[in-house]
Amino acid sequence: MRFNRNKINMMKKTIITTLVIGMMTVFAANAQKGMDKFMVQVDGLGCPFCAYGLEKKFKEFKGIKDVKIDIETGDFSFAYPAEKELTMAAVEQQVEKAGYTPITSKIERANGKIEESAAAALSENNTGTVTKNLMVAGNCGMCEARISKAAKSVAGVSEISWDKGNKMMKVSFDAGTTSLSEIEMAIAKAGHDTKNHTAEIGTYDGLPACCHYERIAK
Amino acid sequence: MKYTPWLVAILILSAGFSVAQGPPITADKPIMLGEGSFTARSLVEIRNTERGSFAYVPFMLNYLPSANIELGVDIPYLDYDIENGISGSTLADIKINGKYQFFRKDATGKTFRMVAKTVQTLPTGKDLDLMELSTGKYAGYYGVVAGYETLKYGISNEFGYNWMPDGTMDELRYKLGFGLPLLKPQYPNKQLNLFFEYTNSWLLERDWYQLLYAQGIQYARKSTTFDLAVQVPLVNDFEAGRKMRYSLLFGSRITF
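Heads up: the protein sequence lines correspond to chains E and X, in order.
Here the first sequence stands for residues 71 to 288, where the numbers follow our numbering.
Here the second sequence stands for residues 16 to 271, where the numbers follow our numbering.
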């Protein structure tokens with residue numbers, strides 16, 4: 071009898087625990103669903119203290135979550151409750167108040183709608199030469215040659231340089247002929263991860279051993 | 016200015032290995048950490064000169080009412096022991112300072128900024144004729160701070176003039192600071208930085224000139240830094256009996 075009672079208690083505990091975990095998962099999923107995602111590229115983050123200043127300023131937005139700052143690329147992202155309807159202008163203004171320069175902004179609304187800043191739209195649609203900085207993963211001189219070759223293979227690209235120290239690529243291209251996204255795709259196809267495009271595993275595995283860089287997590 | 020070639024050589028040699036990170040210790044910075052933020056700081060200076068020993072303990076509070084304006088106050092306490100003279104403890108000269116950032120050029124992972132700076136020294140201290148610490152006289156400092164900061168390297172410069180109504184400590188000042196980050200730049204912030212800082216000081220009326228070199232180390236974690244530096248004279252063209260031997264500086268700062 072005692073054994074059965076213990077067994078029943080165990081079963082009760084298991085059921086309750088399962089229910090609690092299940093409910094938490096559902097709540098978390100709903101909470102995540104109700105969050106807008108913001109991605110801003112910020113210029114002027116010259117040191118880790120600058121990133122602290124930026125984060126501190128955005129902590130004034132009550133309810134902000136998942137703050138991430140990559141000081142090497144200037145990529146700043148966070149999530150914010152959708153019901154508060156935070157605008158792109160307010161985000162860019164807050165970056166300015168922190169003492170830095172917003173370059174491009176993108177919002178993925180909880181309802182699936184995507185908003186991009188005027189600057190970003192402009193750089194996509196404009197004609198004429200534009201220069202952009204982008205993070206491209208790689209290790210060595212061979213990587214540099216491969217990245218340069220891949221980028222130059224895209225029509226419209228006029229200049230390219232890649233710094234193996236900070237993994238930043240500077241590329242100039244005719245925005246009427248191509249886009250940064252197309253250049254990124256060409257580089258990823260050659261085996262190198264970029265900020266927005268990942269190289270296929272087979273291509274990555276096929277790179278020489280010295281080129282097996284640390285992959286960019288997505 | 017017979018030491019000018021000396022000075023130029025040191026500056027050029029320093030530039031050869033210059034990389035900078037984090038806020039400098041004895042020099043100033045042009046970067047401001049966002050509207051509405053406060054920084055509380057103390058940088059104790061133990062100064063040993065031919066004339067005596069002095070311990071300067073300031074409490075400094077800075078506030079940014081906007082992203083390009085900084086206001087601050089330094090309330091210092093001084094312990095002094097002048098050889099064959101007086102000794103004691105007193106409130107030193109209170110300083111009120113202001114900075115206005117008038118130029119900012121940002122790019123990915125780097126920034127160049129310039130600020131106009133003023134420090135108003137109030138005659139609250141004892142008249143010890145102790146430069147920058149306790150003179151018991153009003154002084155107004157007006158200068159420009161310029162800095163180029165990247166994740167790889169950076170330079171901080173300050174040029175200014177300290178004016179006193181009676182001219183006894185009118186001073187032309189130039190500071191140059193370099194830093195060497197020993198850890199990879201990362202966020203959340205965790206840094207260990209070495210600093211190499213130079214202070215040129217020319218007291219016009221007395222025709223005294225001094226070039227000081229400070230070797231510092233800084234540990235920074237999140238919003239806090241801990242600073243330690245030793246400052247020694249490289250050129251010490253001061254009156255006999257007034258020459259500086261060394262200064263030991265240590266302190267911390269927190270931004271909130």
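Idealized CB from N, CA, C, for every residue including glycine.
Remember, it's a predicted structure, so these values are computed and weren't measured experimentally.
By the CB criterion at 9 Å, E:Lys127 and X:Gly124 fall outside the cutoff. DSSP places X:Pro180 in the coil class of the three-state scheme, outside both helix and strand. Contact between X:Gly266 and X:Val59 holds: CB atoms are separated by about 6 Å, below the 8 Å threshold. For the pair E:Lys234 and E:Asn209, the CB atoms are nearer than the 9 Å cut-off.
The Cβ atoms of X:Asn208 and X:Leu197 sit closer than 9 Å to each other.
When CB distances to chain X are screened at a threshold of 8 Å, the residues of the stretch 229 to 240 of chain E falling below it are Gly235, Asn236 and Met238, in chain order. X:Arg268 is bridged by DSSP to X:Arg56 and X:Thr240.
Note: X:Thr133 is bridge-paired with X:Gly113 and X:Tyr157 in the DSSP secondary-structure output. For the C-beta of E:Leu115, the chain X residues within less than 7 Å are, from N- to C-terminus, Gly124. Straight-line spacing of the CA atoms in X:Ser104 and X:Glu98 works out to 15 Å.
Less than 9 Å separates the beta-carbon of E:Ile177 from that of E:Met109. Under a 10 Å Cβ-count criterion, X:Gly256 is classified as exposed, with fewer than 16 other Cβ atoms of the shown protein chains found around its own Cβ. Excluding the 5 residues flanking it on each side, X:Thr133 has same chain C-beta neighbours closer than 6 Å at Gly113 and Tyr157, in chain order. CA-CA distance, E:Thr268 to X:Ser216, rounds to 55 Å. Rounded to the nearest whole angstrom, the C-alpha separation of X:Thr139 and E:Glu142 is 46 Å. Remark: three or more beta-carbon pairs, one from each stretch, lie closer than 8 Å, so the stretch 143 to 150 of chain X and the stretch 56 to 75 of chain X are flagged as touching. Interface criterion not met: the Cβ of X:Lys114 is under 9 Å from no Cβ in chain E.
As for any alpha helix (DSSP H) of minimum length 4 sitting wholly inside the stretch 194 to 237 of chain E, the runs are 211 to 222, ordered along the chain.
For X:Glu164, a Cβ of chain E is located within less than 9 Å of the residue's own Cβ. Burial state of X:Gly231 is buried, judged by a 10 Å Cβ sphere holding 16 or more other Cβ atoms. Note that the stretch 210 to 224 of chain E touches the stretch 242 to 259 of chain E; at least 3 beta-carbon pairs, one per stretch, sit closer than 8 Å. Distance check between E:Lys138 and each of E:Glu125, E:Asn79 and E:Ile286 places E:Glu125 closest, using alpha-carbon atoms only. Counting only the Cα atoms, X:Lys258 lies some 38 Å from X:Asn83. Within the model, the alpha-carbon separation for X:Gln201 versus E:Leu156 is close to 28 Å. If you draw a 10 Å sphere on the C-beta of X:Thr41, you find 16 or more other C-beta atoms in it, and that means buried. The DSSP-derived three-state label of E:Thr87 is helix. Straight through space, the alpha carbons of X:Ala229 and E:Gly104 are spaced by roughly 53 Å. Sequence-ordered contacts of the stretch 40 to 52 of chain X with chain E read Ile46, Met47, Leu48, Gly49, Glu50, Gly51 and Ser52 [C-beta pairs closer than 8 Å].
Not a single C-beta of chain X is nearer than 9 Å to the C-beta of E:Tyr283.
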